[in-house]
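Q:
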């Protein structure tokens with residue numbers, strides 16, 4: 001059904017940085033000239049991390065949604081996924097527009113002109129719009145829908161931060177002319193970051209070759225981070241969510257990035273591979289030389305599965321090690337409770353959202369680096385932390401070892417010291433970051449997808 005708000009021509013929304021009547025277009029962001037005049041900065045107010053003018057946030061923490069008839073089923077599903085994600089992690093709601101209840105709304109339409117959104121709330125209803133190009137697999141994906149909705153909520157691109165030169169070096173000679181403005185940097189006075197660090201993993205960060213000449217890189221990463229993972233996030237990062245929650249004044253309970261607890265891990269497992277590896281300096285203790293542990297007198301050659309896990313106490317299902325007592329206590333299923341997608345017994349999740357880590361000296365530097373990468377990624381994506389085990393602070397821990405007997409992990413928290421273990425075989429794929437994430441996910445309580 002044609003909407004009243006759709007009187008403008010689709011051709012009016014172009015992807016380049018141009019002025020058209022009352023608007024300025026910067027990449028996928030559309031700005032009212034009046035708003036730019038109201039929020040002056042080095043680049044006419046365009047490039048803030050989040051808006052500072054509170055009249056530009058959506059009233060009552062609500063963004064009512066109205067679909068134009070041009071929006072197909074695929075794009076609608078992407079929007080639904082985006083809304084479910086944001087409602088689950090913030091206090092913002094996205095009800096279906098009802099003229100009897102809502103004064104303003106967001107019109108979502110599909111044209112032949114890419115994916116783009118007006119930034120922040122507009123009193124002029126015609127200016128609250130998101131465009132998702134019909135038939136474009138990128139625009140009709142849930143990550144793109146999340147990205148554009150976050151623009152509409154008032155969030156800008158991450159690479160425009162005033163401090164970005166400490167994290168990326170922009171290669172302006174490699175950028176297409178209409179991409180240059182998308183890398184303009186704003187001043188500290190005009191930026192609102194809420195004290196959050198620069199976020200390579202942000203869903204609002206451009207990928208390294210976006211809008212460049214001949215596929216050349218548009219920027220160089222200055223910190224240890226996999227540049228191929230930047231700009232490919234499938235969901236908002238923990239930092240994205242914290243900034244959004246602070247912008248909208250959400251209660252502190254929403255500022256964890258982990259309101260869904262264990263069920264969030266199920267969602268998390270679907271997009272973690274997009275991160276690649278994280279080689280930043282955080283959690284550097286993990287790659288420090290191993291401190292001699294109590295078990296350091298063991299020879300690596302003597303370490304077998306029976307040393308790691310007693311067959312009397314555990315069952316083995318592929319790379320998953322299930323405590324037999326937990327099988328008896330857990331809810332029954334066709335496989336005696338083994339084959340759950342995530343644990344349902346809440347005593348099986350780690351207390352206080354913490355997984356203290358202790359390394360056996362058999363773990364090599366390569367595996368430690370992969371553990372560091374995995375921990376950084378999981379801490380960014382969830383409210384779970386992975387501190388170094390301290391017997392004065394932590395009741396329990398996960399012991400990470402390396403033997404010649406494959407990669408495996410206990411599933412879920414085991415309330416007995418020394419029973420939470422991950423094994424990463426030396427010299428194999430077990431030492432790769434994706435495998436380590438896989439095993440840590442088991443330790444957190446996630447089983448294999450094919451066992452649903």
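In full-length UniProt numbering, the protein residues as written are 1 to 452. Here a beta-carbon is modelled for each residue, glycine too, at the ideal position from N, C-alpha and C.
1) According to DSSP, is residue 176 helix, strand or coil?
2) Using DSSP with H/G/I as helix, E/B as strand and the rest coil, what is residue 62?
3) Applying the criterion that 16 or more other CB atoms from any shown protein chain within 10 Å of the CB defines a buried residue, is residue 348 buried or exposed?
4) For the pair the segment 142-162 and the segment 221-237, tell me if three or more CB-CB distances fall below 8 Å.
5) In the DSSP assignment, the beta strand (DSSP E) including residue 408 goes from what residue to what residue?
6) Residue 195 to residue 161, Cα distance in whole Å?
7) If we ignore side chains and look at the alpha-carbon of each, how far apart do residue 102 and residue 152 end up?
8) Quick check on residue 435: does DSSP put it in helix, strand or coil?
9) When the Cα atoms are used, what is the spatial distance from residue 75 to residue 113?
10) Going by DSSP, which residues form a beta bridge with residue 385?
11) Whole angstroms is fine: what's the gap from residue 382's alpha carbon to residue 207's?
12) Let me make sure I understand the geometry here. Which of 110, 219, 284, 86 has the alpha-carbon closest to that of residue 357?
13) Thinking C-beta only, is residue 399 closer than 9 Å to residue 421?
14) Looking only at its own chain, which residues have a Cβ that is under 8 Å from the Cβ of residue 57, when we skip the five neighbours before and after it?
15) Hey, which unbroken runs of the alpha helix (DSSP H) at 4 residues or more fall wholly within the segment 125-179?
16) My assumption, with CB atoms under 8 Å, is that residue 443 sits in contact with residue 402. Please give the rounded CB distance.
17) Which of helix, strand or coil does DSSP assign to residue 220?
18) Give the DSSP-derived three-state secondary structure of residue 55 in the structure shown.
A: With the structure as the only source:
1) The DSSP-derived three-state label of residue 176 is coil.
2) strand
3) buried
4) yes
5) 408-410
6) Their Cα atoms are separated by approximately 12 Å.
7) Taking the straight line from one Cα to the other gives about 17 Å.
8) The three-state secondary structure of residue 435, taken from DSSP, is helix.
9) Looking at the two C-alpha atoms, the distance is approximately 15 Å.
10) 354
11) 22 Å
12) 284
13) Going by beta carbons, residue 421 and residue 399 fall inside the 9 Å limit.
14) Same-chain partners within the cutoff: 51, 120, 121, 153, 154, 247, 248.
15) 142-153
16) Residue 402 and residue 443 do not touch by the CB rule: their CB atoms are close to 16 Å apart, not below 8 Å.
17) strand
18) helix
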